[in-house]
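As given, the protein sequences belong to chains A and B, one line each in that order.
This note's numbering numbers the first residue of the first sequence as 3 and each following residue consecutively.
This note's numbering numbers the first residue of the second sequence as 3 and each following residue consecutively.
Read through the structure below, which is laid out as structure tokens, and then see the notes.
2 protein chains.
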Amino acid sequence: MTTASTGEPHWLSDEEQSVWRAYLHATTLMEDHLDRQLQRDAGMPHIYYGLLVQLSQAPRRRMRMTELAKDAKITRSRLSHAVARLEKSGWVRREDCPSDKRGQNAVLTDDGFEMLRRSAPGHVDAVRQAMFDRLTPEQVRSLGEIMQVVATGLQPEGTDADLPWLR
Amino acid sequence: MTTASTGEPHWLSDEEQSVWRAYLHATTLMEDHLDRQLQRDAGMPHIYYGLLVQLSQAPRRRMRMTELAKDAKITRSRLSHAVARLEKSGWVRREDCPSDKRGQNAVLTDDGFEMLRRSAPGHVDAVRQAMFDRLTPEQVRSLGEIMQVVATGLQPEGTDADLPWLR
DNA sequence: TCTATCTAGTTCAACTTTCAAGAAAAGGTC
DNA sequence: GACCTTTTCTTGAAAGTTGAACTAGATAGA
Numbered sequence: 003m004t005t006a007s008t009g010e011p012h013w014l015s016d017e018e019q020s021v022w023r024a025y026l027h028a029t030t031l032m033e034d035h036l037d038r039q040l041q042r043d044a045g046m047p048h049i050y051y052g053l054l055v056q057l058s059q060a061p062r063r064r065m066r067m068t069e070l071a072k073d074a075k076i077t078r079s080r081l082s083h084a085v086a087r088l089e090k091s092g093w094v095r096r097e098d099c100p101s102d103k104r105g106q107n108a109v110l111t112d113d114g115f116e117m118l119r120r121s122a123p124g125h126v127d128a129v130r131q132a133m134f135d136r137l138t139p140e141q142v143r144s145l146g147e148i149m150q151v152v153a154t155g156l157q158p159e160g161t162d163a164d165l166p167w168l169r
Numbered sequence: 003m004t005t006a007s008t009g010e011p012h013w014l015s016d017e018e019q020s021v022w023r024a025y026l027h028a029t030t031l032m033e034d035h036l037d038r039q040l041q042r043d044a045g046m047p048h049i050y051y052g053l054l055v056q057l058s059q060a061p062r063r064r065m066r067m068t069e070l071a072k073d074a075k076i077t078r079s080r081l082s083h084a085v086a087r088l089e090k091s092g093w094v095r096r097e098d099c100p101s102d103k104r105g106q107n108a109v110l111t112d113d114g115f116e117m118l119r120r121s122a123p124g125h126v127d128a129v130r131q132a133m134f135d136r137l138t139p140e141q142v143r144s145l146g147e148i149m150q151v152v153a154t155g156l157q158p159e160g161t162d163a164d165l166p167w168l169r
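Rendered as structure tokens:
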């Protein structure tokens, strides 16, 4: 599939290639770095930690599964497995949703909240050292805009709510 | 662990938090997007595709396992599994290294090269649509600098060659 | 040479992710 | 209500990843 009707694909320029390589390297190393940091200090991968953070910020520290999955940009299936694991560790528990008998709420337990409280400073430090301490304020602002544009562009079609929101 | 000696951790500012969220969303969605695109069009995850690209650019389309792992920022273990899989698919084959009997070369097969040739245009399109088509030239330049800084900061300690290069 | 150490790469088990399939409740529509 | 579709969430198997343990070959020192 080529962009236009000319036979020749629209390759990346030298600069674009080098930016793309840098992007892939930086994001790979960052994900790796945070996964290790959190596996070591909190006993879970980065994505699981993110789920707990979301829950901790939600009203009454609980969220519907689908909403949580949507916010975390993961599939429901993946979330089901993740919550099962976090439940086994005692950081989360499931709760039937009163208003919709199909629904489940994932609830952050007190142990889970306490664990977050303990590990948050170390995690923020890791993020800071890897990213914010190395960038100028201008670069931080610019990065924010760029990532916002990219995220929006990849956001599921349906304006935002109840359409096939991933894939 | 708190950054300084004051008791209070150095939390992220509101702007930093919002940039960090955007970064996480954008990179998650991007990885997801490319994984699906390549799984669909080339029958493999993004990281495997990247390995083939590296091989295609190496002299004689072959590389030592360790070097390939280092360039791709993955562990040797992961690479072993990946190459085993790619070998089963016929895109890569292993070859003993003549000069070091412990060594293995991963070699891109003709089929692998042909597969790359067919799927590259679609992949470039996907990258372009998701990122470069949405950014101004100024933003592309800025993104390149930022990612370079971050990648360098996370790069393994040893200047570059033969020291513990990951973790 | 003998020995200790290091390096290259693989393997195993535990864990995570994906995809497709499925059960159960909710929401139409007639 | 009966019927069909949609939504919510889970499950199970296959694929991929991780970290530690392991084999074999290279290296260096006495």
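Every residue, glycine too, gets a C-beta built ideally from N, C-alpha and C.
When the cut-off is 8 Å and only beta carbons count, does residue i lie next to chain A?
i, result
"Tyr25 of chain B", "yes"
"Val85 of chain B", "no"
"Lys72 of chain B", "no"
"Ala153 of chain B", "yes"
"Gln150 of chain B", "yes"
"Met133 of chain B", "yes"
"Leu14 of chain B", "yes"
"Met32 of chain B", "yes"
When you compare the CB of residue i with every CB in chain B, is at least one pair closer than 8 Å?
i, result
"Leu54 of chain A", "no"
"Leu81 of chain A", "no"
"Arg136 of chain A", "yes"
"Glu18 of chain A", "yes"
"Lys103 of chain A", "no"
"Thr111 of chain A", "no"
"Arg130 of chain A", "yes"
"Gly92 of chain A", "no"
"Pro123 of chain A", "yes"
"Thr29 of chain A", "yes"
"Gly146 of chain A", "yes"
"Leu156 of chain A", "yes"
"Gln141 of chain A", "yes"
"Pro11 of chain A", "yes"
Take the Cβ of residue i as the centre, count every other Cβ of all protein chains shown within 10 Å, and call the residue buried at 16 or more, exposed below.
i, result
"Glu10 of chain A", "exposed"
"Arg63 of chain A", "buried"
"Gln59 of chain A", "exposed"
"Glu18 of chain B", "buried"
"Trp13 of chain B", "exposed"
"Gly170 of chain B", "Any question about residue 170 of chain B goes unanswered here, given that chain B covers just 3 to 169."
"Ala108 of chain B", "buried"
"Gly170 of chain A", "The requested residue 170 of chain A does not occur in the structure, where chain A is confined to residues 3 to 169."
"Lys72 of chain B", "buried"
Could you check the C-alpha separation between residue i and residue j for me, to the nearest Å?
i, j, result
"Arg66 of chain B", "Gly146 of chain B", "28 Å"
"Lys75 of chain A", "Arg38 of chain A", "21 Å"
"Ser101 of chain B", "Arg78 of chain B", "20 Å"
"Thr4 of chain B", "Asp127 of chain A", "Any reading at Thr4 of chain B is ruled out, since the residue's pLDDT is 47, under 50, leaving its predicted position unreliable."
"Leu70 of chain B", "Leu54 of chain B", "10 Å"
"Asp16 of chain A", "Ala122 of chain A", "40 Å"
"Ser20 of chain B", "Ala86 of chain B", "41 Å"
"Gln157 of chain A", "Glu33 of chain A", "21 Å"
"Ser91 of chain B", "Thr111 of chain B", "11 Å"
"Val94 of chain B", "Thr68 of chain A", "40 Å"
"Trp22 of chain A", "Leu36 of chain A", "21 Å"
"Arg96 of chain A", "Glu89 of chain A", "8 Å"
> If you pair each beta-carbon of the region 68-87 of chain A with each one of the region 129-137 of chain A, do three or more pairs fall below 8 Å?
Replying inline: no
> Any chance the region 139-148 of chain A sits against the region 114-121 of chain B, with 3 or more Cβ pairs inside 8 Å?
Replying inline: no
> With a cut-off of 8 Å, do at least 3 Cβ pairs link the region 36-48 of chain B to the region 34-47 of chain A?
Replying inline: no
> Counting Cβ pairs closer than 8 Å, one from the region 25-34 of chain A and one from the region 148-157 of chain B, do we hit at least three?
Replying inline: yes
>> My parser needs the beta strand (DSSP E) runs of 3 or more residues fully inside the region 12-72 of chain A; what are they?
In response: 64-66
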